[in-house]
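Worksheet: one structure, shown below.
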Ligand code: GLC
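In our numbering, the protein residues as written are 238 to 650.
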């Protein structure tokens with residue numbers, strides 16, 4: 238038996254595609270969010286960055302607009318990262334927060350307001366590992382209290398949120414993280430919030446504490462979850478950098494190409510996982526032009542190919558290769574990869590690529606199949622007895638190349 242997902246978990250799966258935002262004091266250095274640790278910057282030295290953290294271009298509204306244009310439904314902001322600096326008002330817990338920095342404002346408030354006005358569901362990333370807080374090393378019980386109080390503020394001061402996204406438990410295996418106490422606090426104050434805790438690079442897809450609502454696949458490839466006999470239905474999500482750093486990297490030129498990101502989004506949905514794609518805004522709080530343009534281009538692809546990827550669930554019908562099928566309502570959707578532009582050899586390079594694609598376990602009797610981008614019908618042959626479906630996938634007409642092309646299947650009643 239596969240357990241029925243609780244509503245918040247089923248709703249989370251339908252969000253499908255989200256924006257991860259790594260931003261904090263470190264953006265001013267422009268060498269990633271681990272720079273304090275990896276470059277051995279002393280605490281007192283690092284803390285000076287607060288005095289120049291003006292955040293003049295940070296706008297939750299702008300970020301949410303970009304996410305929306307990218308076809309994303311939720312956004313996860315680093316409210317506090319390992320350096321210990323909080324983008325929110327810690328209400329007196331300490332002074333190492335945005336209201337005490339040069340910007341003098343609660344940036345999490347700005348983020349939440351912006352998300353709410355654009356219909357993007359706000360989530361909070363929160364570190365559990367802390368390089369600054371003494372108690373993290375000297376009095377772990379005390380540190381847990383500090384962490385819980387921090388999270389309580391986030392759960393009570395910003396209205397309804399999508400969830401908490403923790404990160405850092407992988408840093409210490411010698412301590413009791415008191416997870417039940419932390420998570421029950423969230424359940425109490427935000428009954429519909431997702432509880433996620435990144436298991437790190439070594440334990441991708443691993444299910445931890447029973448409060449956890451989704452597993453993470455950091456920088457990995459999600460696999461289809463085996464939920465047979467599981468005590469609880471748990472969602473899955475893959476987070477990934479758009480270049481090779483989470484925080485701003487002013488000399489990181491390795492921005493992933495749009496086709497690769499489209500294929501990764503598809504790959505995640507094929508396995509029923511959400512795709513959480515990260516940007517690292519610059520020192521001023523602005524998403525860099527290349528990252529903005531890159532993610533918005535994915536949104537244009539979604540607007541051409543259709544929105545089945547949000548609510549569509551992995552189908553029983555499968556292909557041997559990259560192609561896959563999602564089921565939604567009474568229909569199914571084929572995601573066809575590596576088609577070529579059909580023209581003639583003097584005009585475009587690579588005229589092959591179209592042709593038959595086959596799926597097995599396709600037992601429902603197909604009535605018709607059409608490309609979602611232009612409504613053109615596709616020829617197909619099916620043997621519903623043995624579940625074999627063969628679709629003659631035409632290539633792109635001259636002037637187009639969708640990277641992954643989507644076809645809608647209608648069934649006989
Ligand atoms: C790792 C890194 C951290 C980053 C996170 C994102 O845990 O330590 O810097 O925020 O991955 O998933």
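Virtual Cβ for every residue (Gly too), placed ideally from N, Cα, C. Please read these numbers as outputs of a predicted model, since none were measured by experiment.
Under the DSSP assignment, residue 515 falls in the beta strand (DSSP E) whose first and last residues are 511 to 516. Distances from the CB of residue 371 to the heavy atoms of ligand 1 are all 8 Å or more. Residue 549 and residue 563 have their C-alpha atoms some 5 Å from each other. Taking a contact to require three or more Cβ pairs closer than 8 Å, the region 262 to 279 and the region 316 to 324 qualify as touching. Considering only 332, 631, 239, the residue with the shortest C-alpha distance to residue 574 is 631.
Secondary structure note for residue 503: its alpha helix (DSSP H) is the uninterrupted segment 495 to 507. 9 Å or more divides the Cβ of residue 405 from the Cβ of residue 269. Residues 257, 455, 513 of the same chain have their beta carbon placed closer than 6 Å to that of residue 476, with the five preceding and five following residues left out of the count. If you draw a straight line from the Cα of residue 616 to the Cα of residue 296, it comes to about 49 Å. Cβ contact annotation for residue 554 (same chain, cutoff 6 Å, sequence separation greater than five): 562, 596, 598, 599, in chain order. Beta-bridge annotation (DSSP): residue 617 is paired with 628. A distance of 9 Å or more separates the beta carbons of residue 471 and residue 461. Measuring C-alpha to C-alpha distances from residue 567 to each of 522, 592, 649, 521 identifies 649 as the nearest. Proximity of the beta carbon of residue 297 to ligand 1 is not indicated: no heavy atom of the ligand is located closer than 8 Å. Taking the Cα of residue 504 as reference, the smallest distance to any Cα among 402, 247, 458, 484 is reached at 458.
With respect to the 9 Å criterion, residue 400 and residue 249 are classified as neighbours on the basis of their beta carbons. Taking all protein chains in view, the Cβ of residue 439 is surrounded by fewer than 16 other Cβ atoms within 10 Å, so the residue is classified as exposed.
With a cut-off of 8 Å, the C-beta of residue 362 is classified as near ligand 1, since at least one heavy atom of the ligand falls inside that distance. Taking 8 Å as the cut-off, the C-beta of residue 403 does not count as close to any heavy atom of ligand 1.
In the DSSP assignment, residue 373 falls within the unbroken alpha helix (DSSP H) covering 372 to 375.
Secondary structure note for residue 568: its beta strand (DSSP E) is the uninterrupted segment 568 to 574. With a cutoff of 9 Å on beta-carbon distance, residue 349 and residue 326 are scored as not near each other. In its chain, beyond the 5 residues on either side, no residue has a beta carbon closer than 6 Å to the beta carbon of residue 447.
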